[in-house]
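Encoded structure:
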């Protein structure tokens with residue numbers, strides 16, 4: 001590939017990554033952007049096991065700042081757990097992370113930790129590092 | 142320890158990184174004995190999947206020896222020789238219970254990236270960018286394997302490292318394409334791509350009873366491997382009209398099952414290929430779907446197309462009209478290795494599935510950057526470069 005092609009490729013890759021990372025960061029920061037919207041996961045555990053009793057630690061730690069509901073998933077597919085912020089004290093990102101970690105604790109018994117690190121910061125990967133530092137807080141959940 | 146690190150677009154180097162540690166109770170540490178390049182790594186290397194950081198360790202297809210086990214590991218002991226599925230799956234979520242292991246809910250520590258891009262997040266993968274969890278890869282002396290009881294498998298004594306290595310990804314991926322593509326006895330199956338995955342898909346189709354299997358590529362050395370080691374028919378798309386040839390070889394119907402094992406950097410010919418190249422370079426589309434278009438168009442009415450090649454985002458000029466009006470079923474997936482690896486190892490032990498010929502270049506890890514260059518350029522008839530740390 002010619003130099004101009006390489007430059008284009010590098011710039012294009014960096015731009016695409018930055019756009020996605022920026023969207024993720026915005027989603028993480030926003031709090032109750034759609035007021036009253038519930039964040040929901042389905043846990044692959046029966047309602048008798050996951051739908052009653054104590055909440056998993058990641059959700060319990062949010063305390064009164066969130067309203068949590070649990071109900072059986074249709075078709076015997078486990079238990080739906082939903083959470084909604086009662087106030088602006090908890091961000092959507094906090095709720096997403098807590099729900100995802102709660103699902104891992106209920107299904108696996110622990111939350112998968114990342115490996116490494118083997119990488120180093122550069123100006124190009126700054127948005128990506130910011131996004132992955134909060135990897136369970138963004139997304140559409 | 143030494144590891145092959147991504148340093149930037151089309152830049153690789155072997156460097157020193159921290160030794161991996163047990164971080165969760167289901168982890169094992171594996172001393173890597175063999176680790177191999179994959180065509181999908183080239184998408185990372187070339188910057189087509191823009192979620193790499195300087196220093197990331199590449200590699201997702203490997204085999205090694207267990208040197209350390211976490212307190213909750215039940216199926217492995219220090220000293221075991223294991224082959225590891227390239228996807229990291231918990232084995233406990235709904236998707237894992239359906240044997241859709243690459244869709245695991247708990248195997249990706251960065252679900253935000255892929256959920257934003259694709260609506261839902263698949264599981265994590267070794268050495269395959271921060272979109273897939275940012276897990277250090279296998280082109281290293283040691284690697285941490287999470288959920289080891291689910292994703293690592295003991296290698297039977299009679300299966301060599303050289304053969305078992307490809308159960309980790311290429312053979313499992315290929316088998317999945319034939320299996321979930323719905324290959325049945327008597328079928329005519331066409332496979333786009335004669336690399337490692339395409340060859341394994343062709344062999345899987347034959348073992349599942351397909352009567353005629355035709356593999357399409359432009360590289361004669363790979364097509365010769367298909368004829369010699371796999372036993373399938375071949376087509377060189379630079380010398381023939383694939384659509385017409387497939388029609389002729391399938392009694393005018395078109396192949397029952399079409400398996401695409403090419404991916405987002407597909408080669409092609411003519412103005413359509415030039416169009417795709419230009420749009421991809423300008424980032425107006427992320428992937429070049431040359432082979433997918435051809436597969437949908439060639440497929441028989443009511444047939445199926447399975448996409449094994451890796452795609453990241455959006456494509457242009459997709460033949461949706463052909464798909465809909467012909468009643469074609471299209472499906473794709475990252476590989477559900479845990480579903481197939483034990484069976485594949487048994488078939489390898491019985492000699493039904495041979496893979497050693499794929500390793501055209503074997504070299505020390507220190508030479509991995511050169512190995513990737515040869516692999517990328519397809520120099521010296523390279524099909525796969527295997528590294529020995």
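Chains as they are written, first to last, in our numbering: chain D, 1 to 141; chain R, 142 to 530. Each residue gets a CB set at the ideal place from its N, CA and C atoms; glycine is no exception.
Query                                                                                                                               : Result
Buried/exposed call for residue 239(R), threshold 16 Cβ in 10 Å                                                                     : exposed
C-beta neighbour in chain R for residue 90(D), strict 8 angstroms                                                                   : no
Residues near residue 196(R) by beta carbon distance below 8 angstroms, same chain, minus five either side                          : 146, 147, 148, 156, 158
Nonlocal neighbours in the same chain, by C-beta distance under 7 angstroms from residue 442(R), ignoring five residues either side : 467, 468
Beta carbon proximity, residue 104(D) to chain R, threshold 8 angstroms                                                             : yes
Three-state secondary structure assigned by DSSP to residue 358(R)                                                                  : strand
Assigned secondary structure, residue 195(R) (DSSP; H/G/I helix, E/B strand, else coil)                                             : coil
Proximity to residue 172(R) [Cα-Cα], best of 271(R), 280(R), 236(R)                                                                 : 280(R)
Cα-Cα separation between residue 271(R) and residue 325(R), rounded to whole angstroms                                              : 38 angstroms
Assigned secondary structure, residue 10(D) (DSSP; H/G/I helix, E/B strand, else coil)                                              : Its pLDDT being 47, under 50, residue 10(D) is placed unreliably in this model, and the value from its coordinates should be taken loosely. Here residue 10(D) sits in helix by DSSP.
Closer than 7 angstroms at the beta carbon, the chain R residues around residue 132(D)                                              : 251, 271, 275
Rounded separation between residue 153(R) and residue 292(R) - CA only                                                              : 28 angstroms
Cross-chain neighbours of residue 122(D) in chain R, by beta carbon under 8 angstroms                                               : 194, 195
Contacts of residue 256(R) in chain D (Cβ-Cβ under 8 angstroms)                                                                     : 138, 139, 140, 141
Inter-residue spacing [alpha-carbon to alpha-carbon] between residue 98(D) and residue 247(R)                                       : 13 angstroms
Residues that DSSP places opposite residue 283(R) in a beta bridge                                                                  : 172(R)
Sheet register partners of residue 266(R) (DSSP bridge)                                                                             : 228(R)
Interface flag, residue 290(R) vs chain D, CB-CB below 8 angstroms                                                                  : no
Residue closest to residue 373(R), alpha-carbon to alpha-carbon, out of 342(R), 394(R), 382(R)                                      : 342(R)
Same chain, Cβ closer than 8 angstroms to residue 37(D), five either side skipped, listed in chain order                            : 84
Closer than 8 angstroms to chain R by CB, residue 34(D)                                                                             : With a pLDDT of 48 at residue 34(D), under the threshold of 50, the predicted position of this residue should be treated as unreliable, though the coordinate-derived value follows. Not one chain R Cβ lies under 8 angstroms of residue 34(D).
Straight-line Cα distance separating residue 455(R) from residue 136(D)                                                             : 24 angstroms
Boundaries (first-last residue) of the alpha helix (DSSP H) holding residue 107(D)                                                  : 92-107
Per-residue burial, residue 233(R) [other beta carbons within 10 Å of its own, 16 or more giving buried]                            : buried
Residue 339(R): first and last residue of the uninterrupted alpha helix (DSSP H) it sits in                                         : 337-348
Anticipated Cβ contact below 8 angstroms, residue 348(R) with residue 493(R), distance rounded                                      : 6 angstroms
Close-in-space but distant-in-sequence residues of the same chain around residue 222(R) (CB under 6 angstroms, 5 per side omitted)  : 206, 296
Rounded separation between residue 435(R) and residue 389(R) - CA only                                                              : 15 angstroms
Neighbour flag for residue 108(D) against chain R, beta carbons, 8 angstroms                                                        : yes
Own chain, CB closer than 6 angstroms to residue 322(R), minus 5 neighbours either side, in chain order                             : 398, 400, 445, 447
Proximal chain R residues relative to residue 119(D), where beta-carbon distance stays under 7 angstroms                            : 194, 195, 196, 197
Residue 316(R) versus residue 376(R) - alpha carbon distance                                                                        : 21 angstroms
Exposure of residue 113(D), with buried meaning 16 or more beta-carbon neighbours within 10 Å                                       : exposed
Bridge-paired residues (DSSP) for residue 399(R)                                                                                    : 331(R), 446(R)
Secondary structure of residue 483(R), DSSP reduced to three states                                                                 : helix
Nearest to residue 352(R) (by Cα), restricted to the options 187(R), 396(R), 458(R), 235(R)                                         : 396(R)
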